[in-house]
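Residue numbers (our numbering): 41 to 316.
Pasting the structure below:
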């Protein structure tokens, strides 16, 4: 299954993580500033994405992606005959068939969703289009971590990418949440509408729990991380004041609970002298 996924998809893959995509976005922004190019981002938000994977469409997608009939048959049997009921204040509803959604907690679910999302991007023709960012003779127009999708281009051609992704997503039962979908640009940008709703343009956006700003300034994210770390320290205040807990244990707690919060994504920070 992994062989079918491109490098731009980092979600649930060995040796890849959220920090990779955060670093990639920051690096692209830095290079755009260096070469004085405008850059346009669209951060796509889906509505209940893992619950909307249509089983019948999933089996067809797996076949088209070259997954063996034997494996697809095993998966169909795993998902066959699923039923659910809902407990309400008036009692329990009748049992009903489940025809959508990947199984919660199943180790195969992330892989299945990645293939579902990859099918959308292939049908949207993102690999063939000229819209995107030109880096080392390669055109990059999207970065993904599972369903967290970032589209990018050097102009408002970005809108055409978004419309293609929106249409192909709709074809397989996934709906864009326009309230969660945002655009961010370092140059002039007009307002966009999708299905009668306006896509909001923002000056900063939190993606994969890291704050990205249109000007590429990392100071906002650094301050945010310090505040989050301080909040964790406050929650541990009673432990730090306790005389029953040894100093080495307190130090280990700080290293285990505070440092990861403060230093998350620090690999891609551009520090100023005042922030050192």
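Here a beta-carbon is modelled for each residue, glycine too, at the ideal position from N, C-alpha and C. As the structure is a prediction and not an experimental result, all values here were calculated from the model.
Original post:
Should residue 308 be counted as a contact of the ligand FAD given a C-beta to heavy atom distance under 6 Å?
Top reply: Ligands are entirely absent from the displayed structure, and the ligand FAD is therefore not among its contents.
**OP:** Taking residue 200 and residue 171 to be in contact with their CB atoms under 8 Å, please state how far apart those CB atoms are, rounded to whole angstroms.
**Re:** Between residue 171 and residue 200 the Cβ distance is about 6 Å, and since that is below 8 Å, they are a contact.
**OP:** With DSSP collapsed to three states, give me the class of residue 44.
**Re:** Residue 44 carries a helical assignment under DSSP once its states are collapsed to helix, strand and coil.
Subject >> Same chain, Cβ closer than 6 Å to residue 235, neighbours up to 5 away in sequence not counted >> reply: Closer than 6 Å at the Cβ level, and outside the excluded window around residue 235, lies no residue.
Original post:
Would you report the Cα separation of residue 181 and residue 150, rounded to the nearest angstrom?
Top reply: 23 Å
Subject >> Classification of residue 69 by the beta-carbon crowding that lies within 10 angstroms, buried from 16 upward >> reply: buried
Original post:
For residue 174, which residues does DSSP report across the bridge?
Top reply: 179
Subject >> Bridge partners - residue 136, DSSP secondary structure assignment >> reply: 124
**OP:** Please work out which residues of its chain come closer than 7 Å, Cβ to Cβ, to residue 253, disregarding the five sequence neighbours upstream and downstream, and give them in chain order.
**Re:** So the list reads 243, 244, 260, once near-sequence residues are dropped.
Subject >> CB-CB length for residue 256 against residue 59, believed under 8 Å >> reply: Not really, about 17 Å apart at Cβ, beyond 8 Å.
Original post:
Given a threshold of 16 other Cβ atoms within 10 Å of its Cβ, counted over all protein chains shown, does residue 207 qualify as buried or as exposed?
Top reply: So residue 207 ends up on the exposed side.
**OP:** Return the bridge partner residues of residue 233 from the DSSP annotation.
**Re:** Its beta-bridge partners are 238.
Subject >> the segment 150 to 165 in contact with the segment 96 to 105 per 3-pair CB rule at 8 Å >> reply: With the cut-off at 8 Å, the segment 150 to 165 and the segment 96 to 105 touch.
Original post:
Which class does residue 269 belong to by DSSP, given the choice of helix, strand or coil?
Top reply: helix
Original post:
Can you list, in chain order, the residues of its chain whose CB lies under 7 Å from that of residue 204, leaving out five sequence neighbours each side?
Top reply: 164, 165
Original post:
beta strand (DSSP E) containing residue 188: first to last residue?
Top reply: 188 to 193
Original post:
Taking C-alpha atoms, which residue in 232, 168, 61 lies nearest to residue 304?
Top reply: 61
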